[in-house]
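Chemist:
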Amino acid sequence: MSTSGHDVEKSPDGNSVDTYPAGVQTYAISDDNNRFDVASIDMVQRRLKQRHVQMIAIAGTLGTGLFLGSGQALSGAGPLGALFAYALVGTVAYSSLCSLGEMTSHAPISGTFPHFASRWVDPALGFAVGWNYFYTNVISVPVEVSGAQILITYWDSNPSHAGIYIGVICIFVSAINIFGVRYFGEAEFIFSLIKLTMITGLILLGIILDAEPGSGPGGGRLGFHYWNDPGVFNGAGLVSNIGLDRFLGILSVLIKAGFSFQGMEIVAIAASETENPRRNIAKAVRRVFYRICIFYILGVFVTGLLVPYNDSQLLQTAGTAADSPYVLAMTRAGIKTLPGIINAGIMTSAFSAANSFLFCSSRILYGLALRGQAPRIFAHCTDRGLPIAAVLFSAAFSFLSLMSISSGAETVFTWFVSLSTVGGFFSWGTINFTYLFFYRGMKAQGIDRKQLHYWSGLQPYLSIWGVTWCTILVLINGFEVFWNFTAAKFLTAYINIPLFIILYVYWKITKKTKVWDPKEMDFYTGIPTNEETESPEVPPRNFAEKVAATLF
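For the sequence shown, the numbering used here begins at 16 and goes up steadily by one.
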């Protein structure tokens, strides 16, 4: 059985000779230095099932960025400003996932988009974005662990217990990943169900509270009252010109919105460990548009109806459910039980996010090690297909969350949080940039993209849109520092730019890499065929299976 994505025949001397599909003219060059074919040492196993992948795709990244961050977005730009910011960043996230989905549909292999960048753009770019993405995710693990611990203070505010809670959370998050991908999949399936139920319930409850007679001033319905008083836009408080200040308010929320959307690419990162990856990832990507519209856009829209952007409690940052505009609205409506339940739900979201970030960072590190861009020890797998060395190394970073409880180390920990935020925009930008090369290479070699399990008719315009906005978001991240300049804030906002360039230049010089010519791009070596990854799809046989097929 071929593991290279094309046929293998024997020459008269007995050696293997690659033969590409009939009708495809290709000038692909397989360079052993780039390690395109790592099938012999890639030991991960396809243990994630369809329901795991679909639930992760639908609700995997719903977390504190939406449940709590929507309140900060509302106070920062007003209801319409926040809605515009989330909608805009949603289009960028969608463009990135469509681009990655199409490339993964062609090549569902370990290493995902850093390897795609190495294979179709420049190995130096793959090295730079791979380590950038690893760093971004591995630092996000302790950030989410600390967030989960803060949420516990809703019930137990004793500061002496913080270290215990953090330690327990770190151990549980690490254990789920150490047990293997199937346990990770089951945990994320359950967490996603909880998050999906909670956000759906909150949106419905918010609509009911907004439409309920007596909820607004004068005994009428609340409706769009807060869109009129205090208004639909809020300023950043940086300049005296009202119009410009409101524009700056929207810019500040763009960054917060970006944090809420980041992590959608996890379904593609898990492709090498997914059953029927081409079919399942294609289905997941197609559903993302509806997920963005329903949960993110509708969710932010409803929050803008419930609480005015100048509400003093929105400016308070307890880090618990008390920050949520939904909880503020429920408390004022006399609903006393639900806030505690919501806090518990948000805590599972933070736990789930830490779990997902640990999974992503370990798999990216594993993919880098497979192809010689990280120490080889991180390519070691157990007999059950777990990249144990990469998981253990990544899990060790979770204990950095203990820094958040030390007054001296808290400042450094805050810097880590700021440094990791912009890394996601670098990843999205690289995904879209890589897709443009992928698109050009496919066209140059006469390969029909429409034969893939997933392709987008909006390409390459989606990727151009994504690259443009990711560049803008990287540049405006931290723009507020120019109104209150400090060296520390400036460095944490922009140091990722020189770091990315240094990584790229280092690999470029030491390995003497080149940018691939479209006709030299390798679209076959080391890529499994459809027959190797996809089993026949079994149609649903009864009503229950039809419902499951619709949902998952």
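Even glycine gets a Cβ: it sits at the ideal position worked out from N, Cα and C.
All values derive from a computational prediction rather than experimental measurement.
How many Å lie between Trp170 and Lys561 at the Cα?
Modeler: Whole-angstrom Cα-Cα distance: 42 Å.
Chemist: Spatial neighbours of Ile569 within its chain, please: CB distance less than 7 Å, with the 5 preceding and 5 following residues excluded, ordered by chain position.
Modeler: With the chain covering 16 to 567 only, the question about residue 569 has no answer from this structure.
Chemist: Residues in the same chain with beta-carbon distance under 7 Å from Ala100, minus the five sequence neighbours each way, listed in chain order, please.
Modeler: Once the five neighbours on either side are set aside, the close Cβ partners of Ala100 are Ala88, Ala92, Ile265, Val268, Leu269, Ala272.
Chemist: Please work out which residues of its chain come closer than 8 Å, Cβ to Cβ, to Asp225, disregarding the five sequence neighbours upstream and downstream, and give them in chain order.
Modeler: Counting only Cβ-Cβ distances below 8 Å, and skipping sequence neighbours, we find Arg236, Leu237, Gly238, Val317, Leu320, Leu321.
Chemist: What is the DSSP secondary structure of Ala92, counted as helix, strand or coil?
Modeler: If DSSP states are grouped into helix, strand and coil, Ala92 belongs with the helices.
Chemist: Would Val482 pass as a contact of Gly439 if the rule is Cβ separation under 8 Å?
Modeler: No.
Chemist: Could you spell out the range, first to last residue, of the alpha helix (DSSP H) harbouring Gly178?
Modeler: From DSSP, the alpha helix (DSSP H) with Gly178 extends over 177-194.
Chemist: Start and end of the alpha helix (DSSP H) containing Ile446?
Modeler: Unbroken alpha helix (DSSP H) run through Ile446: 438-459.
Chemist: Tell me which residue opens and which closes the alpha helix (DSSP H) that Tyr169 is part of.
Modeler: From DSSP, Tyr169 is part of no alpha helix (DSSP H); its letter is neither H nor E.
Chemist: Gly200 to Ala163, Cα distance in whole Å?
Modeler: Distance between the alpha carbons of Gly200 and Ala163: 20 Å.
Chemist: Quick one: give me the first and last residue of the alpha helix (DSSP H) that Asn243 is part of.
Modeler: Counting along the chain, the alpha helix (DSSP H) containing Asn243 begins and ends at 240-243.
Chemist: Buried or exposed: which applies to Gly278, given that a residue is buried once 16 or more other Cβ atoms fall within 10 Å of its Cβ?
Modeler: It is buried - the Cβ of Gly278 has at least 16 other Cβ atoms within 10 Å.
Chemist: Assess, as a yes-or-no matter, whether the segment 106-118 is touched by the segment 446-466 under the definition of 3 or more beta carbon pairs within less than 8 Å.
Modeler: Touching, yes.
Chemist: On a Cα-Cα basis, can you pick out the residue from Asn249, Ala368, Leu63 that is closest to Leu77?
Modeler: Comparing Cα positions, the closest option is Ala368.
Chemist: Which whole-angstrom value is the C-beta distance of Leu380 and Phe366, which I expect to be below 8 Å?
Modeler: No, Leu380 and Phe366 are not in contact; Cβ-Cβ is about 22 Å, not under 8 Å.
Chemist: Counting only the same chain and skipping the five closest in sequence on each side, list residues whose C-beta sits under 7 Å from that of Glu549.
Modeler: Once the five neighbours on either side are set aside, the close Cβ partners of Glu549 are Asn291, Arg293, Arg294.
Chemist: Among Pro402, Phe414, Asn325, which one has its Cα closest to the Cα of Phe248?
Modeler: The residue with the shortest Cα to Cα distance from Phe248 is Asn325.
Chemist: Just grab the DSSP bridge partners of Thr289 for me.
Modeler: Partner(s): Leu63.
Chemist: Span of the alpha helix (DSSP H) holding Val247?
Modeler: Careful: Val247 lies outside any alpha helix (DSSP H) and carries neither H nor E.
Chemist: Checking 8 Å against the spacing of the C-beta atoms, do His130 and Gly382 come in under that value?
Modeler: Yes.
Chemist: Can you check which of these residues, Cys485, Thr486, Leu506, is closest to Glu495 by C-alpha distance?
Modeler: For Glu495, the nearest C-alpha among the options comes from Leu506.
Chemist: I need the DSSP call for Trp531, collapsed to helix, strand or coil.
Modeler: In this structure, Trp531 counts as coil in the three-state DSSP scheme.
Chemist: Find the nearest neighbour of Glu287 within the set Thr486, Arg261, Ala559, Ile124, judged by alpha-carbon distance.
Modeler: One detail in the question is off: residue 287 reads as Ser in this sequence, not Glu. Measuring from the Cα of Ser287, the nearest candidate turns out to be Ile124.
Chemist: Measuring CA to CA, which of Glu546, Pro533, Gly541, Tyr519 is closest to Pro138?
Modeler: Cα-wise, what sits closest to Pro138 is Tyr519.
Chemist: Which value, in whole angstroms, describes the spacing of the CA atoms of Lys504 and Asn492?
Modeler: Approximately 11 Å between the Cα atoms of the pair.
Chemist: The ligand HEM and Ser189: does the residue's C-beta get closer than 7 Å to at least one heavy atom of that ligand?
Modeler: No copy of the ligand HEM occurs in the structure displayed, which carries no ligand at all.
Chemist: Quick one: grab the DSSP three-state call for Gly314.
Modeler: Correct three-state label for Gly314: helix.
Chemist: For Val437, which residues of its own chain have a beta-carbon under 7 Å away from its beta-carbon, when the five flanking residues on both sides are left out?
Modeler: Cβ neighbours of Val437 beyond the five flanking positions: Val489, Asn492, Asn511.
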